[in-house]
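A.B. asks: Numbering (the working numbering), first residue to last: 40 to 578. Backbone N, C-alpha and C define an ideal beta-carbon position, used for all residues, glycine too.
(1) Keeping to the same chain, check which residues put their C-beta closer than 6 Å to that of residue 46; ignore five residues upstream and five downstream.
(2) Assuming residue 211 and residue 256 make a contact with CB atoms under 8 Å, what is their CB distance in whole Å?
(3) For a minimum of 4 consecutive residues, which ranges assigned as the alpha helix (DSSP H) are wholly contained in the region 513-561?
(4) Sort 496, 462, 433 by Cα distance to residue 451 and report the nearest one.
(5) Counting along the chain, where does the beta strand (DSSP E) carrying residue 301 start and finish?
(6) Using DSSP bridges, identify the partner residues of residue 422.
(7) Check whether the region 274-288 touches the region 322-342, taking contact to mean three or more Cβ pairs, one atom from each stretch, closer than 8 Å.
(8) Note down, in chain order, each residue of its chain lying with its Cβ closer than 6 Å to the Cβ of residue 168, except the 5 sequence neighbours on either side.
(9) Kindly identify the DSSP beta-bridge partner or partners of residue 375.
(10) In the DSSP assignment, find the alpha helix (DSSP H) that holds residue 236 and state where it starts and stops.
(11) Could you tell me whether the region 501-519 touches the region 551-561, where touching means 3 or more Cβ pairs closer than 8 Å?
(12) Count the other C-beta atoms from every protein chain shown that fall within 10 angstroms of the C-beta of residue 52, then say buried if there are 16 or more, exposed otherwise.
(13) Given a threshold of 16 other Cβ atoms within 10 Å of its Cβ, counted over all protein chains shown, does residue 100 qualify as buried or as exposed?
(14) Strictly by DSSP, which residues pair up with residue 95?
(15) Alpha carbon to alpha carbon, what distance is there between residue 431 and residue 463?
(16) Compute the Euclidean distance between the alpha carbons of residue 221 and residue 118, then round it to the nearest angstrom.
(17) Excluding five sequence neighbours on each side, which residues of the same chain lie with their C-beta closer than 7 Å to the C-beta of residue 531?
(18) Please report the distance separating the alpha-carbon of residue 44 from that of residue 116.
(19) Alpha carbon to alpha carbon, how far is residue 511 from residue 435?
(20) Quick check: is any heavy atom of the ligand ZN less than 8 Å from the C-beta of residue 372?
(21) Please list the terminal residues of the continuous beta strand (DSSP E) segment that includes residue 351.
(22) Could you give the residue range of the alpha helix (DSSP H) that holds residue 476?
(23) Have a look at 392, 252, 130, 239 and flag the residue whose alpha-carbon is nearest the alpha-carbon of residue 268.
(24) Using 8 Å as the Cβ pair cut-off and three pairs as the minimum, do the region 285-300 and the region 195-211 touch?
(25) Going by the CB atoms, is the gap between residue 373 and residue 439 shorter than 9 Å?
(26) Could you spell out the range, first to last residue, of the beta strand (DSSP E) harbouring residue 266?
(27) Provide the residue(s) that pair with residue 394 in DSSP beta bridges, ordered along the chain.
(28) Exposed or buried, what is residue 247 when buried is set at 16 or more other beta-carbons lying within 10 Å of its beta-carbon?
(29) Measure the Cβ-Cβ separation of residue 399 and residue 380 and say whether it is below 9 Å.
(30) Could one say the Cβ of residue 217 lies closer than 9 Å to chain C's Cβ atoms, at least one of them?
(31) Return the first residue and the last residue of the beta strand (DSSP E) that residue 221 is part of.
(32) Is the Cβ-Cβ distance between residue 457 and residue 417 less than 9 Å?
(33) So, using beta-carbon positions, are residue 233 and residue 353 closer together than 9 Å?
(34) Leaving aside the five residues before and after residue 113 along the sequence, list all residues of the same chain whose C-beta is less than 8 Å from its C-beta, in chain order.
(35) For the beta strand (DSSP E) that residue 431 lies in, which residues bound it at each end?
(36) Where does residue 577 sit, in a helix, a strand or coil, going by DSSP?
Right, dumping it as structure tokens:
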């Protein structure tokens, strides 16, 4: 009989729906029915954009949505034992993968192993050319490694877009007795989950990249700073680090090169501001996570006052493939000024939510309608937030904007961390602005007055608008708060609140004016409008 492989999605979301229980039960049944020599069960992460526990049976290429142990039993008894597909539990491949007309544009570099390998098995990573890039890099000089990254044009995928090779070069040129590599896996941007899925699905790619970075700049110690809530990512990373030590990829004299590198995981406590690199360093050092004055910058004085490279998860996950395939290969993807791919997180009022990796330069429309399948429930699209909560809110008129590092400069549309949040016409722009500013107020560390007081005042004004108590002077004051916060705040948190706030005011100004002059919310979300509706119903 033909050998059978069953992949089952076990990630942070599916675990909550029973994935680990179903996976263990499946393994137990395979053993009980004496199928161990024929059937291999592999746990992997998300197999696509389907929201649930997915079982993929190969070579039949059948996808099952699993919702109970009884379903697992029936799949084993019918499909695995008798070769009969249980059609009642199947889901269409188009519900998992991109539609065929769109799939040609998907280019998997960062996500190449996700849903393909068991992330807790180092041998499967090695079988997919894992640690080959490290072996190649150790045969190059550090200067050659840095040049390859510089020539590739790789830029930071966390939002700032700083050239990665340049950051490495600055650190390499700084003389010190100790240097550090830090992976920023905090991922506090609402709507962003790409780094979590990378760490859950392919943790060794991040580890391999950090070792290469350490060799390139002369660092011998590394830290992965990760959100404490990312339980599954933490487990997979710790297992991967343990295995990497056992295989000789971490520790002393790596692959006989004489290079030493040690790696540690540090947990964050969920503070959004710790996504800012210097606040992150303060947190690793055991201090309150508040940003430092810059300069000096981390490549000169970072962790414990030593030269430090800080890259985010997605940025690092590109490195092994660049070293293996070369800078020119990477530059052939994307746009001339923004080479490579970007991992986008699609959320909100769309038919298909999830993560997709596409070449730089793809448009907002292609993501929303090609991958997302359009707006949920047949409603009209009202706005799209791009780049995360610190990004821009745009109207339908800007859907054809190409997403790359020039999109903000040329079109006023933020690439940011890659979030694409679709918002339909049942939402109120003023209410969204209030929700956004409440988040920033809550996450402000309080260190500087423009951010601490600016976010508080902005919330107060927006609350007045939702109660129809504001006037036009309040709207002008709100715009001034946004501008002053951008110019005078200490760190990127306060400096970025003007982007979402002003984009909402500028693109949906008529709604703000309606709330002020007409005392009216056209979608009925704001308080007095709801009260009026209740009175009408009572009559």
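C.D. replies: Inspection of the coordinates gives the following:
(1) 81, 83, 95
(2) 4 Å
(3) Residue ranges of uninterrupted alpha helix (DSSP H) with 4 or more members, entirely inside the region 513-561 and ordered along the chain, are 531-535, 537-546, 548-552.
(4) 433
(5) DSSP places residue 301 inside the beta strand (DSSP E), whose first and last residues are 301-307.
(6) For residue 422, DSSP records a beta bridge to 462.
(7) no
(8) none
(9) According to DSSP, residue 375 bridges with nothing at all.
(10) 233-240
(11) yes
(12) buried
(13) Exposed.
(14) 46, 102
(15) Rounded to whole angstroms, the separation of the alpha carbons of residue 431 and residue 463 is 16 Å.
(16) 47 Å
(17) 315
(18) 15 Å
(19) 26 Å
(20) Among the components of this structure there are no ligands whatsoever, and the ligand ZN is therefore not found.
(21) 347-351
(22) 468-482
(23) Out of 392, 252, 130, 239, 239 has the C-alpha closest to the C-alpha of residue 268.
(24) no
(25) Contact flag unset, no.
(26) 260-266 is the extent of the beta strand (DSSP E) around residue 266.
(27) 384
(28) buried
(29) yes
(30) Within the model displayed, chain C is absent; a lone protein chain is all it includes.
(31) 219-224
(32) no
(33) yes
(34) 125, 128
(35) 431-433
(36) In this prediction, residue 577 has a pLDDT of 35, which is less than 50 and means its spatial position is unreliable; nothing more can be read from the coordinates.
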